[in-house]
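Position 205, counted from 1, in the sequence shown is what the UniProt record's numbering calls 205; the numbers after and before it change by one each time, with no gaps.
Glycine residues also receive a C-beta, built at the ideal position from the N, C-alpha and C atoms.
All of these numbers come straight from a predicted model, not from anything done at the bench.
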Amino acid sequence: MEMAQIGATEKGGVCRLALTDLDRDGRDLFIKWCKDAGCTITVDQMGNIFARRPGKNNDLPPIMTGSHLDTQPTGGKFDGVYGVLAGVEVLRTLNDYGVETEAPVEVAVWTNEEGSRFAPAMVASGVFAGVFDLAYGLSRADLDGKTMGQELTRIGYAGSEPVGQHPVGAYFEAHIEQGPILEHETRTIGVVTHAQGQRWYEITLTGQEAHAGPTPMPIRKDALVGAAKIVTEVNRIGMSLQPFGRSTVGLMQVSPNSRNTIPGSVFMTVDFRNPNEEALTGMDRDLRAFTDKLARDSGLTIEVTQIWHSPVVTFHDKCVGAVRSATRRLGYSNMEIVSGAGHDACYINRVAPTGMIFIPCEDGISHNEVENATPDDCAAGGNVLLHAMIEAANA
Ligand code: HGY
Ligand code: MN
Ligand code: MN
Ligand code: MN
């Protein structure tokens, strides 16, 4: 896969972080493919790209598909990219068969879906859907302080189209499941009905740097010991809500990070997920109660900031129905499924009827360089996408 070469890692994965030169190269390649397929290209102020294939009636809002090209640092070849390439395949197939749809068809690439370099995730589709304002989106900064606005300009993707003005008639996103259910149930297609809710936090613990040798244990204010207690509590919260709760500490910075100095401060992140909004609120409550008590008992200063809340999503009946009927018409084994991951579709669902199509991934592994999906499953997802989009474009 040509796209997978851009940021290819030694272990067979991809590292193409949002708004890096590699992301630019991937975007350039996508645009080349779409122009070769006869599309016109627009880019909005958040760098979201729209490749448009005209229909009979171009006054109609387009039927859109797409996903993202940015990856995790140790990402795979399919997360996001599969949905973008399935969209390109839809364009090429419509051309190959000379199909003229009533409404135009578009393929989108959304900026910074992963939220790995710039938090939160899905921020550009969030601005598109009016969840965040443009200034907020452009001001998101990475750990080096570089902002999305600066990086969009640097790589040449600070588009002129006002973000959120772009019409969408309906949106379908094809994606690998990124979990083990479809493979375990030996189903080819996941008809995605919902996506679980998410809450992201940034926590800063401040204690006191001191010498690792002379400083007696009882008087220490060790920020890393506090952080370690939060890590185990975050895990306990997720485990206490099985089979649904999900809780992760994925990022931690220890300062001064020196072998013989007691850590004075720690910066860490928390990722909570739950398909039930009330349970997700409960996870928030448990975390805050724990950190309040820990601060009192330890003498540490602990600042807990929720930086993002993406509520539980119910995808639109019209699009879920189109995915289900296309799947059945094509005869693929299938099941309804709730997305464990967040997707741009979660935000586009706020401004247009939206549905998702899942295909299995090997051992349910994703956000990992071994991420894999079979050609047959990729083709099946693409066929369902094509049929669902044609149905919607000619409705
Ligand atoms: O975190 C997620 O669910 C997605 O990969 N951004
Ligand atoms: Mn993704
Ligand atoms: Mn991802
Ligand atoms: Mn996604």
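Taking 7 Å as the cut-off, is the beta-carbon of Glu369 closer than that to any non-hydrogen atom of ligand 3? no
Between the alpha carbons of Val294 and Asn235, how many angstroms are there, rounded? A quick correction: the sequence has Leu, not Val, at residue 294. Near 16 Å, if we compare the C-alpha coordinates of Asn235 and Leu294.
Checking the sheet assignment: what are the DSSP bridge partners for Ser67? Val109
What does the Cβ neighbour count give for Lys32, buried or exposed, with the cut at 16 atoms within 10 Å? exposed
Separation of Ser139 from Pro53, as counted between CA atoms: The question names Pro, yet the displayed sequence has Arg at residue 53. Distance between the alpha carbons of Arg53 and Ser139: 32 Å.
Take the Cβ of Glu2 as the centre, count every other Cβ of all protein chains shown within 10 Å, and call the residue buried at 16 or more, exposed below. exposed
Exposed or buried, which one is Ser333 when buried takes at least 16 other CB atoms within 10 Å? exposed
Give the straight-line distance between the Cα atoms of Val127 and Pro243, rounded to the nearest whole angstrom. 32 Å
May I ask you to check if the CB of Gly245 is nearer than 7 Å to at least one heavy atom of ligand 1? no
Uninterrupted beta strand (DSSP E) stretches inside the segment 262-345 (no shorter than 3 residues): 265-274, 301-310 and 334-339
Tell whether a beta-carbon distance below 8 Å holds between residue 400 and Gly213. One cannot answer for residue 400 here, as it falls past the ends of the chain, which runs 1 to 395.
Any idea what DSSP makes of His387, helix, strand or coil? helix
How long is the line joining the alpha carbons of Asp25 and Gly156, rounded to whole angstroms? 11 Å
Rounded to whole angstroms, what's the CA-CA distance from Gly13 to Lys56? Just pull it up for me. 41 Å
How would you call Arg27, buried or exposed, if buried means at least 16 neighbouring beta carbons within 10 angstroms? buried
heavy atom of ligand 3 below 7 Å from Ala18 C-beta: no
When every heavy atom of ligand 3 is checked, does at least one fall within less than 7 Å of the C-beta of Gly80? yes
Taking just the CA atoms, how far does Pro216 sit from Glu114? 43 Å
Helix, strand or coil, according to DSSP, for Leu251 in the structure here? coil
In whole angstroms, give me the CA-to-CA distance for Ala289 and Gly169. 44 Å
Starting from Leu138, trace the beta strand (DSSP E) both ways and give me its first and last residue. Careful: Leu138 lies outside any beta strand (DSSP E), inside the alpha helix (DSSP H) at Leu134 to Ser139.
Would you call the CB atoms of Val107 and Ile63 closer than 8 Å? no
Could you check which residue in Ala210, Thr40, Ile219 and Leu205 has the C-alpha nearest to that of residue 400? The structure shown does not extend to residue 400, since the chain spans only 1 to 395, so no value can be given for it.
Alpha carbon to alpha carbon, how far is Arg220 from Pro263? 10 Å
Delimiting residues of the alpha helix (DSSP H) encompassing Gln5: Glu2 to Gln5
Pocket of ligand 1 (residues with CB nearer than 6 Å to any heavy atom), chain order: Glu113, Glu114, Gly115, Ala121, Ala341 and Gly342
Whole angstroms is fine: what's the gap from Glu202's alpha carbon to Val304's? 6 Å
Does the CB of Met1 have a neighbour CB from chain B at under 8 Å? Here chain B cannot be found, since the structure has a single protein chain.
From Thr314 to Ile357, what distance separates their C-alpha atoms? 14 Å
Ala195 - partner residues in DSSP beta bridges: Val313 and Ser339
Using a Cβ-based criterion (distance less than 7 Å to any ligand heavy atom), does Gln196 qualify as near ligand 3? no
May I ask you to check if the CB of Gln253 is nearer than 7 Å to at least one heavy atom of ligand 3? no
Would you say the beta carbon of Gln72 is closer than 7 Å to some non-hydrogen atom of ligand 3? yes
Any chance you could list the alpha helix (DSSP H) runs of at least 4 consecutive residues sitting entirely within the segment 167-211, in chain order? 181-184
Which residues in the same chain have their Cβ closer than 8 Å to the Cβ of Ala373, if we skip the five residues on either side of it in sequence? Phe78, Tyr82, Ile176, Ile359, Pro360, Cys361 and Glu362
Gln196 and Ser325 closer than 8 Å at C-beta: no
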